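As numbered in my numbering, residues 2 to 353 make up the sequence shown, in order.
Ideal Cβ placement from N, Cα and C applies to all residues, glycine included.
These numbers come from a predicted model, not from an experiment.
Notes follow once the structure below has been shown.
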Amino acid sequence: MTILVPHKPDWLPVTVDDYHDMRFFAVLAVVALAWLIVVLLSPWAVRVCRRFNMVSAVTERSSHINPTPHGGGFILPLVVVPLLLAVTWVWPLPFKGYLSVLALGSLLVAYVGWLDDRHELSASTRLLVHLFAVAIPLLLLPRMFDFMPLGIEKTILLLGWAWFVSLYNFMDGADGLATSQAVAMGLGLAIFVPVVAPAGLLVAAAAAGFLRVNGPPAKVFMGDVCATWLGYLLAGLFLLGVIDDTVNIVWPLATLALVFAADATTTLARRISQGHKPWQPHKTFWFHRYMALGRTHAQLVTRVALLNATLFVCAWFGYQSPYPATGFLLGMLVIFAAAWYIRAGEKARRNG
Numbered sequence: 002m003t004i005l006v007p008h009k010p011d012w013l014p015v016t017v018d019d020y021h022d023m024r025f026f027a028v029l030a031v032v033a034l035a036w037l038i039v040v041l042l043s044p045w046a047v048r049v050c051r052r053f054n055m056v057s058a059v060t061e062r063s064s065h066i067n068p069t070p071h072g073g074g075f076i077l078p079l080v081v082v083p084l085l086l087a088v089t090w091v092w093p094l095p096f097k098g099y100l101s102v103l104a105l106g107s108l109l110v111a112y113v114g115w116l117d118d119r120h121e122l123s124a125s126t127r128l129l130v131h132l133f134a135v136a137i138p139l140l141l142l143p144r145m146f147d148f149m150p151l152g153i154e155k156t157i158l159l160l161g162w163a164w165f166v167s168l169y170n171f172m173d174g175a176d177g178l179a180t181s182q183a184v185a186m187g188l189g190l191a192i193f194v195p196v197v198a199p200a201g202l203l204v205a206a207a208a209a210g211f212l213r214v215n216g217p218p219a220k221v222f223m224g225d226v227c228a229t230w231l232g233y234l235l236a237g238l239f240l241l242g243v244i245d246d247t248v249n250i251v252w253p254l255a256t257l258a259l260v261f262a263a264d265a266t267t268t269l270a271r272r273i274s275q276g277h278k279p280w281q282p283h284k285t286f287w288f289h290r291y292m293a294l295g296r297t298h299a300q301l302v303t304r305v306a307l308l309n310a311t312l313f314v315c316a317w318f319g320y321q322s323p324y325p326a327t328g329f330l331l332g333m334l335v336i337f338a339a340a341w342y343i344r345a346g347e348k349a350r351r352n353g
């Protein structure tokens, strides 16, 4: 069997002789720097949120039991975006213009998220800004799929990207959940799309550093400022992977996003069918239902990490297969099994 390897950039070593390229070590140094800065700034971020009185009270929809500062994730875009821009132009990475616009657009998304954390903006205002921030870099991308008209392709990508921004924010409802997901997706991006590996590793490293204060039990929540920023940036980077290797990579990348995408999409569809407004706060996501079985935040994050590891295996299998969608279908079976487990637990709980 031939082992397929994702496209290798010239700075990524394969043999011992390749290690003379100092750019490889520079990548590692920048990634380590991102992690270190976030680790050091995290306690300061907690103090900033308290100073601005950005504290989430405990309500019936809360997953936390004590008032907790929110919005501390603002340090991630402040750290990652300058480093990403530097890496983009110094190496340089492919699609420099797109990555630069993506990085700047992510700052707009983060800023609106920060305002929402402080002043609770309307859903329509946030959506309009997200659509604008998505549309600009999307115009810079070449055509991806020849089997559909360009206008339809761009519209689907626009709505899908904006939805991923929102769903990532929806899923930020447990200590360390969205942060650990960013670590998993950033690493997956670095492995499957090595040409933009520095960007994926930067996100993963910064998110890992933020776990110092956001991991269970959380001392601060990341807030909309970070959750929407992560959704925006990760989706934009994933699209570069699709451009790099459309046929082989689209299904593995979709597989890596299944935990959040499946939970948020199926939950929203169910709630809309029940007559609820999409933006109405609730506590019925699958991860909420898992925790309602008596599980802790730490148990949830651990189980999601195991799910992501399993999905990575599925994604890699699909990438090696002549039929790349096979891995995605296997990943869906994994998600269905997790949902069945939760429903079985709920049934057992009802029956006493």
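(message) Applying the 10 Å Cβ sphere with the 16-neighbour rule, what's the burial state of residue 127?
(response) Here residue 127 is taken as the residue at index 126 of the sequence shown, counted from 1. A residue is called buried once 16 or more other Cβ atoms fall within 10 Å of its Cβ, and residue 127 is buried on that count.
(request) With DSSP as the reference, please indicate the residues paired to residue 70 in a beta bridge. (result) Position 69 of the sequence shown holds residue 70. As a beta-bridge residue in DSSP terms, residue 70 pairs with 56.
(request) Could you tell me the distance, in whole angstroms, from the CA atom of residue 255 to the CA atom of residue 233? (result) Residue numbering aside, residue 255 sits at position 254 when the sequence shown is read from its first letter. Residue numbering aside, residue 233 sits at position 232 when the sequence shown is read from its first letter. Going by C-alpha positions, residue 255 is about 15 Å away from residue 233.
(message) So the candidates are 218, 336 and 205; which of them puts its Cα closest to the Cα of residue 265?
(response) One-based indexing of the sequence shown puts residue 265 at position 264. Here the closest residue by C-alpha is 336.
(request) From the DSSP output, read off the bridge partner residues of residue 148. (result) Looking up residue 148 in the sequence shown gives position 147. According to the DSSP secondary-structure assignment, residue 148 is paired through a beta bridge with no residue.
(message) If I follow the unbroken alpha helix (DSSP H) through residue 90, where does it start and stop?
(response) Within the sequence shown, numbered from 1, the residue matching residue 90 stands at position 89. Per DSSP, the unbroken alpha helix (DSSP H) holding residue 90 starts and ends at 76-91.
(request) Taking 7 Å as the cut-off, decide whether the C-beta atoms of residue 206 and residue 90 are in contact. (result) By one-based count along the sequence shown, residue 206 stands at place 205. By one-based count along the sequence shown, residue 90 stands at place 89. The Cβ atoms of residue 206 and residue 90 do not sit closer than 7 Å to each other.
(request) Apply the 10 Å Cβ neighbour rule to residue 130 and answer buried if 16 or more other Cβ atoms are within range, or exposed otherwise. (result) Counting from 1 along the sequence shown, the entry for residue 130 is found at position 129. Its Cβ being crowded by 16 or more others within 10 Å, residue 130 is buried.
(message) By the three-class DSSP mapping on this structure, what secondary structure does residue 165 have?
(response) Within the sequence shown, residue 165 is the residue found at index 164, counting from 1. Secondary structure of residue 165 (DSSP, three-state): helix.
(message) Please return the same chain residues whose Cβ sits closer than 7 Å to the Cβ of residue 143, not counting the five positions on each side in sequence.
(response) By 1-based counting over the sequence shown, the position of residue 143 is 142. Here the set comprises 244.
(message) DSSP three-state label for residue 222, please.
(response) Position 221 of the sequence shown, counting from 1, holds the residue named residue 222. The three-state secondary structure of residue 222, taken from DSSP, is strand.
(message) Given this structure, state the Cα-to-Cα distance separating residue 73 from residue 174, to the nearest angstrom.
(response) Start at 1 with the first residue of the sequence shown, and residue 73 comes out as number 72. Start at 1 with the first residue of the sequence shown, and residue 174 comes out as number 173. In this structure, the alpha-carbon of residue 73 lies about 14 Å from that of residue 174.
(request) Tell me where the alpha helix (DSSP H) around residue 291 begins and ends. (result) Mapped onto the sequence shown, residue 291 falls at position 290. From DSSP, the alpha helix (DSSP H) with residue 291 extends over 287-292.
(message) Judging by CA-CA distance, which residue of 331, 249 and 104 is the nearest neighbour of residue 84?
(response) For this step, residue 84 is matched to residue 83 along the sequence shown. Per the Cα distances, 104.
(message) Along the chain, where does the alpha helix (DSSP H) containing residue 277 start, and where does it finish?
(response) Taking the first residue of the sequence shown as 1, we reach residue 277 at position 276. Residue 277 -> no alpha helix (DSSP H), and no H or E assigned at all.
(request) Measure the C-alpha to C-alpha separation of residue 263 and residue 253 and round it to an integer number of angstroms. (result) Taking the sequence shown and counting its residues from 1, one reaches residue 263 at position 262. Taking the sequence shown and counting its residues from 1, one reaches residue 253 at position 252. Going by C-alpha positions, residue 263 is about 15 Å away from residue 253.
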